[in-house]
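Numbered per the numbering used here, the sequence shown spans residues 2 to 484. No residue lacks a Cβ here, since even glycine has one placed at the ideal position from N, Cα and C. Since we're looking at a predicted model, the values are computed, not measured.
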Amino acid sequence: MSEAKRFPNYIAGEWVEGGQTFENRNPANQDDLVGLFSKGSAADVLRAADAAEAAFASWSKMPAPARGAFLFKVADILEKNLDSLAKEMTREEGKTFPEAKGETMRSINIFRYFAGEGSRMGGHLVPSERPGVFMWAQRKAIGVVSQINPWNFPSAIPAWKLAPALIAGNTVLVKPASAAPLSAWRIIEACHQAGIPKGVVNFIAGSGGEVGKAMVDAEPVKAVSFTGSCEVGHGLHARASARRLRIQLEMGGKNPTIVLNDAILADAVGAVVNASMFSTGQKCTATSRVIVEAGIYDDFVAATVKAVKALKVGDGLADGVQIGPAIDKSQLDIDLKYCEIAKEEGCTIECGGRILNEGPLAKGFFFEPTVITGVTNSMRIAREEVFGPVLAVIKAKDFDEAMSIANDTEFGLSASIQTQNTARVFEFINNIEAGLVTVNLPSAGVEYQLPFGGTKGSSFGPKEQGPAALDFYSDWKTIYLKP
Ligand code: NAP
Numbered sequence: 002m003s004e005a006k007r008f009p010n011y012i013a014g015e016w017v018e019g020g021q022t023f024e025n026r027n028p029a030n031q032d033d034l035v036g037l038f039s040k041g042s043a044a045d046v047l048r049a050a051d052a053a054e055a056a057f058a059s060w061s062k063m064p065a066p067a068r069g070a071f072l073f074k075v076a077d078i079l080e081k082n083l084d085s086l087a088k089e090m091t092r093e094e095g096k097t098f099p100e101a102k103g104e105t106m107r108s109i110n111i112f113r114y115f116a117g118e119g120s121r122m123g124g125h126l127v128p129s130e131r132p133g134v135f136m137w138a139q140r141k142a143i144g145v146v147s148q149i150n151p152w153n154f155p156s157a158i159p160a161w162k163l164a165p166a167l168i169a170g171n172t173v174l175v176k177p178a179s180a181a182p183l184s185a186w187r188i189i190e191a192c193h194q195a196g197i198p199k200g201v202v203n204f205i206a207g208s209g210g211e212v213g214k215a216m217v218d219a220e221p222v223k224a225v226s227f228t229g230s231c232e233v234g235h236g237l238h239a240r241a242s243a244r245r246l247r248i249q250l251e252m253g254g255k256n257p258t259i260v261l262n263d264a265i266l267a268d269a270v271g272a273v274v275n276a277s278m279f280s281t282g283q284k285c286t287a288t289s290r291v292i293v294e295a296g297i298y299d300d301f302v303a304a305t306v307k308a309v310k311a312l313k314v315g316d317g318l319a320d321g322v323q324i325g326p327a328i329d330k331s332q333l334d335i336d337l338k339y340c341e342i343a344k345e346e347g348c349t350i351e352c353g354g355r356i357l358n359e360g361p362l363a364k365g366f367f368f369e370p371t372v373i374t375g376v377t378n379s380m381r382i383a384r385e386e387v388f389g390p391v392l393a394v395i396k397a398k399d400f401d402e403a404m405s406i407a408n409d410t411e412f413g414l415s416a417s418i419q420t421q422n423t424a425r426v427f428e429f430i431n432n433i434e435a436g437l438v439t440v441n442l443p444s445a446g447v448e449y450q451l452p453f454g455g456t457k458g459s460s461f462g463p464k465e466q467g468p469a470a471l472d473f474y475s476d477w478k479t480i481y482l483k484p
C-alpha cells in the first residue's frame, strides 16, 4: 500500500511539518485514507499570529487592485484543478461529485468576486455643511483575523471568509475543520502558488480545543469569524468578547419550508426534497421542518415519501448517487438518535430511519433518507438541529398557523415558502424571522453576490458574502479636509 500523503501547516510562508499528525478518512469508505494532516498547537498559532502581524503593514498598504490581482490568480489556479479538487472534496466530506464540483466552482467565483472588489471598494463622499470643506469616509483594514471553519462546506466557507478578509487588507489565520481539512488546504496551496506574500495567509490544522481556542486568545488577533455549532460559537463569543474582539458567528438552524394549498405539488416536493436531503441534509440552510397546509397535506406527504424512497444513497463518486454518507460515526449516531426520539414522541417514520451498512455501504456512514410525520412543533424533532437527511412534517390548518409554527424556534437562518399567492409571498417575506428567504425555491442553495447569514440564535454580528462581507473585515476612517 502506498504511503498516505502528508499535508503540513503553513506558517509565515513556510510549509511546517513535524509533530503529530491526524487522519482524514473518506466517510463513504473508512479504508480510504485521504491524507495525514499536521496537528497544530497553540505555539504554532502564536507563531502564525506574529507572522500575520508582521505582514500586515505592507499587505494593508498595497493598493487594493494589486491585492485583487493575487486573488484572481488564486481563482485561476483552483479552476485549473477543478475536477481533482472536487474529487478530493467528495473523498473527504462525502457529498456527491456534482455537489463538490459546484462548491469548488463557487469558491472560484468567490475569489473572482472579491478580487474585483479590490477595484471597486468604495467609501462615502458627502457634501459638507461648511463651505470649502471636503468630507468622506474610507475603509481601512482591521489587522490579524482568525477564521474557524466547519466541515460541511470545506471549500466554500473558507473561501468566503478568506477572500473578503484579504481584499480588505487583513492578514489571516485559517483553521479548517478536523473532519475535512483538505479542501481548505488546497486554497492555501493556491494562495502560496499565487505568490501572496509570506505571513499574509497562515493555515493551522488541529483540534478546536487547542488551535481554535488559541486563535481567539493570540494577542495580535483583532477579529474572529466562526462558522459551526451553537455550542462552540457561544463559548467563543464569551472568550472573544472578554478581549473586546470583533466577532462574527454563523451557527445552526431548524429551517422551515411552508407549503400552501395552492403550491404546484411537484415543484414543492422537488424543492423540499432537494433542501432536506441533498448534501445528506448537512447544510446549515437545509429544510428540516416542512409545514404543510391541511388541504395539500396528504398529497404532499405521499409524493414526498415516494421521491425520498427513490433517492440513491452511496459513495458520492459513483454514477447516479444522490445522497452521500454522514460525515462521521458520531453524526450517523445523531441521525439515528433523533429518529428514535421522534418515535418515542409518537411520530411515524414514513420512510428511512435506519443506518445502511450492507454491501457497498458497509465501510461508510450511510443513513437512509427519512421522512417523519405526526410531528408537532413542541417535539424535540421539531426544535433541535439534526444535521442529517431527516425531514419532520408538520400539519398546519392555514397560512397564519404555518407562519406562527415557522417562527416558533430559537433559530433564524433560512426559510422558504411554496405558493402561487403573491400576497402570501409578501406577508411571508415581511414576517418570517430568518436571514435568508426563498420563494418557490429550496431553502438551501444561495449565491455569493448577496449577504449571507441568519438572525435570532443562528447568527451574531455582520453578515458574510456579497458587499456586506467587507463590513466585518474593515473599519471606517472619516476625514474632514479644508484644502
Ligand atoms: P463545530 O463542531 O462547532 O466546529 C466548527 C469549528 O470549530 C471546527 O473547526 C472545530 O474544530 C472548531 N472548534 C471546536 N471546538 C472549538 C473550541 N472550543 N474553540 C474554538 N474552535 C473550536 O461545528 P461542525 O460540526 O464543524 O459544523 C456543523 C455545524 O455548523 C452545524 O451546527 C451547522 O448548522 C453549522 N453551520 C452553520 C453555517 C452557517 O452559515 N450558519 C454554515 C455551515 C455550518 P474541530 O473540527 O477540530 O473540532
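### Task
State the DSSP-derived secondary structure class of A352, mapped to helix, strand or coil.
Checking the sequence, you will find Cys at residue 352 rather than Ala. In this structure, C352 counts as strand in the three-state DSSP scheme.
### Query
In three-state terms, what does DSSP make of I12?
Reduced to three states, the DSSP call for I12 is strand.
### Task
Express the C-alpha separation of K338 and V426 in angstroms, rounding to a whole number.
Looking at the two C-alpha atoms, the distance is approximately 35 Å.
### Query
When DSSP builds the beta bridges, which residues end up paired with K6?
Per the DSSP secondary-structure output, K6 pairs with nothing in a beta bridge.
### Query
Is it the case that the CB of G14 approaches a heavy atom of ligand 1 more closely than 8 Å?
Because no heavy atom of ligand 1 lies under 8 Å away, the Cβ of G14 does not count as near it: no.
### Query
What whole-angstrom Cβ distance do S277 and S289 have, given they're in contact under 8 Å?
Contact between S277 and S289 is confirmed by a C-beta separation of about 7 Å, below the 8 Å threshold.
### Task
Examine the Cβ distances between the region 84-97 and the region 28-40 and report whether three or more of them are shorter than 8 Å.
Contact holds: three or more Cβ-Cβ distances are below 8 Å.
#### Entry: Unbroken alpha helix (DSSP H) run spanning F57, endpoints
DSSP places F57 in the uninterrupted alpha helix (DSSP H) bounded by 43-62.
### Message
ligand 1 and N485: does any heavy atom of the ligand fall closer than 8 Å to the residue's C-beta?
### Response
With the chain represented from 2 up to 484, any question about residue 485 goes unanswered, as that position is not in the structure.
### Query
Given that a residue counts as buried once 16 or more other Cβ atoms are within 10 Å of its Cβ, and exposed if not, what is W161?
When all chains shown are included, W161 counts as buried.
#### Entry: Cβ-heavy atom distance, E232 to ligand 1, below 8 Å
Yes; taking the cut-off as 8 Å, the Cβ of E232 has a heavy atom of ligand 1 nearer than that.
### Task
Quick one: grab the DSSP three-state call for Y298.
Three-state DSSP puts Y298 in a helix.
### Query
Is P128 helix, strand or coil by DSSP?
The DSSP-derived three-state label of P128 is strand.
### Task
Please go through the same chain and pick out, in chain order, the residues whose beta-carbon is closer than 8 Å to the beta-carbon of V17, but skip the five residues on each side of it.
Around V17: P9, N10, Y11, S39, D45.
### Task
Determine the DSSP secondary structure at I109, reduced to helix, strand or coil.
I109: helix per DSSP, three-state reduction.
### Query
Given K284, which residues of its chain have a CB within under 6 Å of its CB, disregarding the five upstream and five downstream residues?
The residues are A445.
### Task
Please name the residue in P257, F367, M252 whose C-alpha comes closest to that of V322.
The shortest C-alpha to C-alpha distance from V322 to any of P257, F367, M252 is the one to F367.
### Task
Tell whether a beta-carbon distance below 9 Å holds between N110 and R187.
If you check the CB distance, N110 and R187 do not come in under 9 Å.
#### Entry: Three-state secondary structure (DSSP) of T479
In the structure shown, T479 sits in a strand (DSSP, three-state: E or B).
### Query
CB I158 to CB L237, shorter than 9 Å?
The criterion of a C-beta distance shorter than 9 Å is not satisfied by I158 and L237.
### Query
Of the choices K457, A267, E465, E434, whose alpha-carbon is the least far from that of E448?
With distances taken between Cα atoms, E448 lies closest to E465.
### Query
Which of helix, strand or coil does DSSP assign to F71?
In the structure shown, F71 sits in a helix (DSSP, three-state: H, G or I).
### Query
Do the region 218-230 and the region 42-58 touch if we need at least three Cβ pairs shorter than 8 Å?
Because the criterion of three Cβ pairs below 8 Å is met, the region 218-230 and the region 42-58 touch.
### Message
Pairs of beta-carbons, one from the region 324-344 and one from the region 377-396, closer than 8 Å: are there three or more?
### Response
Flag = yes, the region 324-344 and the region 377-396 touch.
### Query
From A50 to N203, what does the alpha carbon distance come to, in whole angstroms?
Cα to Cα, A50 sits roughly 8 Å from N203.
#### Entry: Entirely enclosed alpha helix (DSSP H) segments - the region 246-318, minimum 4 residues
With a minimum length of 4 residues, the continuous alpha helix (DSSP H) runs that stay inside the region 246-318 are 266-278, 295-310.
### Query
Mind checking whether E351 and I335 have CB atoms under 9 Å apart?
In this structure, I335 does not lie closer than 9 Å to E351 by Cβ.
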